[in-house]
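Following: one structure in structure tokens, then a few remarks.
Protein chains: 2
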Amino acid sequence: MAMNGRHSGRPTLEEVALRAGVGRGTVSRVINGSPRVSDRAKAAVEAAIAELGYVPNRAARALAGNRTDAIALVIPEPETRLFAEPYFSDIIRGIGAELADTDMQLLLTLIRTPKERARFAQYLAAHRVDGVLLVSVHEDDPLPDLLEQLEMPAVLNGRRSDLESVSYVDADNVGGARAAVAHLIARGRRQVATITGPPDMYVARSRLDGYRQAVESAAGGLGGFDTALVARGDFTEEGGRRAMRELLVRRPGIDGVFAASDVMAAGARAVLREAGRRVPEDVALVGFEDSAIARHMDPALTSVRQPTEEMGRTMARVLLEEIAERASVRRHVVLATELVQRDSV
Amino acid sequence: MAMNGRHSGRPTLEEVALRAGVGRGTVSRVINGSPRVSDRAKAAVEAAIAELGYVPNRAARALAGNRTDAIALVIPEPETRLFAEPYFSDIIRGIGAELADTDMQLLLTLIRTPKERARFAQYLAAHRVDGVLLVSVHEDDPLPDLLEQLEMPAVLNGRRSDLESVSYVDADNVGGARAAVAHLIARGRRQVATITGPPDMYVARSRLDGYRQAVESAAGGLGGFDTALVARGDFTEEGGRRAMRELLVRRPGIDGVFAASDVMAAGARAVLREAGRRVPEDVALVGFEDSAIARHMDPALTSVRQPTEEMGRTMARVLLEEIAERASVRRHVVLATELVQRDSV
DNA sequence: TGGCGTTGTGGGAGCGCTCCCACGTAGGCT
DNA sequence: AGCCTACGTGGGAGCGCTCCCACAACGCCA
């Protein structure tokens, strides 16, 4: 265990090679799982690695191999607040689980200003990561296009539009919304309204589509799709309040509401209480997301659950695949949602 | 712009040097802000960097400089669920803000199994990060000691005990609890109970200390500290329920409860409702954390707010300082908490 | 005028890997 | 027997930086 000169203490590849009585190349091949190594050499190298407690130097690897073994998880700062929801931690947990037995590192990148966005673009151009995971992408976000242009592997959580070109993993928003509204109708609700998200978000439009489909396919008595029953929210609680007030004015006879998010449902619930409407007796309510709020509302909110952790896992898996293969085949994955029945309907 | 051979396309230090008409060393000095550079050379280099769009290669830097420019944020997996609270995202936001104009990278490391813990230890030993940020540390966690032993800069969120040796940033749990209970007493409550966290967590003990201090320093009529008014919870909703039931049995005359977390307060609130006690008329309730749950409870829960984002910022700042200076001076920072009054008391 | 420091500078020598070329050596074919 | 193809292997040549030594150029002092 001679520790000569300016040596940092950690064993190097070369030292492993020496100990195993083989060349540097052979050790490298063993580490990287190359098949062109004899069993004898492989065993010797593995023994030497274990004895020395050798851990490859990431930086050297990255420099020589022109890769980084790191992927970035990009979160637009304005969204982080929304992500106080279990949603965010579930996604991260899923990603972490998928990455666990890889030796990929997960870099967390918060982007709050255009300046930081530009800086991150530089990062990308300098190839400081092998791939990028993007959550909460808006339609006008230039980042996905930049990524595509740089031929940087990337996976979005959600999509910007029906024509999304970059790989994505999304939940079945249309199906979830349809199920929620169908449930409301099945329970005998006749005037079912919806509180939507901002129309420039694909996810909001999808949930509205689901609502529309359910309403239109419901047999007689409902009178089909009625725009007066659609109020626009913005995924915030206050937005939910405003929308609910509007709806109450426009259609006082409302007996069911599908809110495109639990937070908006919470806002709507508060307004309903103020207006003296009972939930679910007078007005039934369904949310979307199955967040903690849903469970803690009074009455507990029926909501549409997304397979959040699974989405995280899938995103990571898809990204790793895309990194592994050179050709850039786009993958589009849509995972099923599920209605969680509680007491609000 | 000759692009010879296997060149990756990105300009290198050498190319910048060539363009600026200086040597490699000078460019390096400019980039690293060394003062021993003439203004003329500096200007030339900066121009060349701008023209070429040069971005230093991180891996090469790390390899040559024997550092990584990265810090790890370590989150024990069992905790991630708790961190669905704004707490987690606020901490992250704070860290991100502080790191924004550094070129430190933030690595997210989830640890779920002992195996992964061992692996992370290897990481550390291999010096793949310059420093470590630890959240939600338990008393029996061996990681902080390992970090200390490796002389790896580290900052904990919270502390393991009064004698914590590693640097930490914590909220004033004692003060917050004291304020909460004092408030309860000031509102005329005579029998104020508390639901604690697990006694093997320092944070739980601190909040209990605050409770005790407030009770003991309250003038006559309360009869001082009464162990029958202390029920043990575990920071879960179910634990809050159990504790509340116990309390109701032991001291039916209870008119105030300080729960050491909002989640437990939610559990307690449910039990109180079942028992036909009104909040706050019959029993006043205060939580801790000021989470989303607090705002959404009915009635909205008065709670103790921690300066979460500020804690994140401080953690990052302290860690950067510790990395910058070679000597390992431990820093212990305690940030003030604040009582947020709502409707439950 | 000579010696000394001080300032700015160039560039060699690594950092610890991967890539790849070249070299045995052993087996299969004609 | 001779040749060709594998296979397994060693090690040179980088990857793009930082560190540091050496050296020029310019004062300043005695």
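Taken in order, these protein sequences are the chains called A and B.
Each residue of the first sequence is one higher than the last, beginning at 810 in this note's numbering.
Each residue of the second sequence is one higher than the last, beginning at 810 in this note's numbering.
Ideal Cβ placement from N, Cα and C applies to all residues, glycine included.
Cutoff 8 Å: residue i Cβ touching any chain A Cβ
{"i": "residue 816 of chain B", "result": "Interpretation of residue 816 of chain B is limited by its pLDDT of 46, a score under 50 that renders its predicted location unreliable; the figure taken from the coordinates is listed afterwards. For residue 816 of chain B, the answer is no, since every Cβ of chain A falls outside 8 Å of its Cβ."}
{"i": "residue 1117 of chain B", "result": "no"}
{"i": "residue 1107 of chain B", "result": "yes"}
{"i": "residue 842 of chain B", "result": "no"}
{"i": "residue 1144 of chain B", "result": "no"}
{"i": "residue 1017 of chain B", "result": "no"}
{"i": "residue 984 of chain B", "result": "no"}
{"i": "residue 1123 of chain B", "result": "no"}
{"i": "residue 877 of chain B", "result": "yes"}
{"i": "residue 926 of chain B", "result": "no"}
{"i": "residue 1155 of chain B", "result": "A query on residue 1155 of chain B cannot be resolved here, the shown segment of chain B reaching from 810 to 1154 and no further."}
{"i": "residue 1132 of chain B", "result": "no"}
{"i": "residue 1055 of chain B", "result": "no"}
{"i": "residue 858 of chain B", "result": "no"}
{"i": "residue 931 of chain B", "result": "yes"}
{"i": "residue 1000 of chain B", "result": "no"}
{"i": "residue 958 of chain B", "result": "no"}
{"i": "residue 943 of chain B", "result": "no"}
{"i": "residue 868 of chain B", "result": "yes"}
Cβ of residue i within 8 Å of any chain B Cβ
{"i": "residue 898 of chain A", "result": "yes"}
{"i": "residue 1087 of chain A", "result": "no"}
{"i": "residue 1136 of chain A", "result": "no"}
{"i": "residue 1152 of chain A", "result": "no"}
{"i": "residue 864 of chain A", "result": "yes"}
{"i": "residue 1126 of chain A", "result": "no"}
{"i": "residue 1022 of chain A", "result": "no"}
{"i": "residue 934 of chain A", "result": "yes"}
{"i": "residue 963 of chain A", "result": "no"}
{"i": "residue 1102 of chain A", "result": "yes"}
{"i": "residue 1075 of chain A", "result": "yes"}
{"i": "residue 901 of chain A", "result": "yes"}
{"i": "residue 1129 of chain A", "result": "no"}
{"i": "residue 1050 of chain A", "result": "no"}
Nearest residue (CA-CA) to residue i, options the options
{"i": "residue 931 of chain B", "options": "B:1080, B:830, B:1024, B:956", "result": "B:956"}
{"i": "residue 1022 of chain A", "options": "A:1034, A:1044, A:995", "result": "A:1034"}
{"i": "residue 1005 of chain B", "options": "B:1078, B:1018, B:997, B:1154", "result": "B:1018"}
{"i": "residue 968 of chain B", "options": "B:1122, B:1144, B:1060, B:990", "result": "B:1144"}
{"i": "residue 1062 of chain A", "options": "A:1104, A:850, A:1001, A:915", "result": "A:1001"}
{"i": "residue 1065 of chain B", "options": "B:1052, B:1088, B:1079", "result": "B:1088"}
{"i": "residue 958 of chain B", "options": "B:831, B:1141, B:1137", "result": "B:1137"}
{"i": "residue 1024 of chain B", "options": "B:903, B:984, B:1084, B:1101", "result": "B:984"}
{"i": "residue 1043 of chain A", "options": "A:838, A:870, A:1008", "result": "A:1008"}
{"i": "residue 1115 of chain A", "options": "A:868, A:1016, A:996, A:912", "result": "A:1016"}
Residue j beta carbon less than 8 Å from that of residue i
{"i": "residue 1148 of chain A", "j": "residue 1067 of chain A", "result": "no"}
{"i": "residue 828 of chain B", "j": "residue 859 of chain B", "result": "no"}
{"i": "residue 1031 of chain B", "j": "residue 914 of chain A", "result": "no"}
{"i": "residue 903 of chain A", "j": "residue 1120 of chain A", "result": "yes"}
{"i": "residue 1142 of chain A", "j": "residue 1127 of chain A", "result": "yes"}
{"i": "residue 1027 of chain B", "j": "residue 1041 of chain B", "result": "no"}
{"i": "residue 836 of chain A", "j": "residue 852 of chain A", "result": "no"}
{"i": "residue 1106 of chain B", "j": "residue 1105 of chain A", "result": "yes"}
{"i": "residue 880 of chain B", "j": "residue 941 of chain B", "result": "yes"}
{"i": "residue 1140 of chain B", "j": "residue 937 of chain A", "result": "no"}
Own chain partners of residue i with C-beta closer than 7 Å, once the 5 adjacent residues on each side are dropped
{"i": "residue 1074 of chain A", "result": "1049, 1068, 1094, 1096, 1110"}
{"i": "residue 823 of chain A", "result": "833"}
{"i": "residue 876 of chain A", "result": "939"}
{"i": "residue 1012 of chain B", "result": "967, 982, 1006"}
{"i": "residue 960 of chain B", "result": "1137"}
{"i": "residue 1079 of chain A", "result": "1050"}
{"i": "residue 1081 of chain A", "result": "1053, 1088, 1092"}
Own chain residues within Cβ distance below 6 Å of residue i, not counting five before or after
{"i": "residue 1199 of chain A", "result": "Because chain A is modelled from 810 through 1154, residue 1199 of chain A falls outside the range shown and cannot be assessed."}
{"i": "residue 1037 of chain A", "result": "1059, 1060"}
{"i": "residue 1039 of chain A", "result": "1003"}
{"i": "residue 1131 of chain A", "result": "962"}
Contacting residues, own chain, Cβ-Cβ under 8 Å from residue i (five flanking each side not counted)
{"i": "residue 864 of chain A", "result": "819"}
Beta-bridge pairing of residue i - partner residues as DSSP gives them
{"i": "residue 914 of chain B", "result": "B:879"}
{"i": "residue 896 of chain A", "result": "Note: residue 896 of chain A sits in no beta bridge, so no partner."}
{"i": "residue 1102 of chain B", "result": "According to DSSP, which records beta bridges pairwise, residue 1102 of chain B is partnered with nothing at all."}
{"i": "residue 1147 of chain A", "result": "A:1114"}
{"i": "residue 979 of chain B", "result": "B:1143"}
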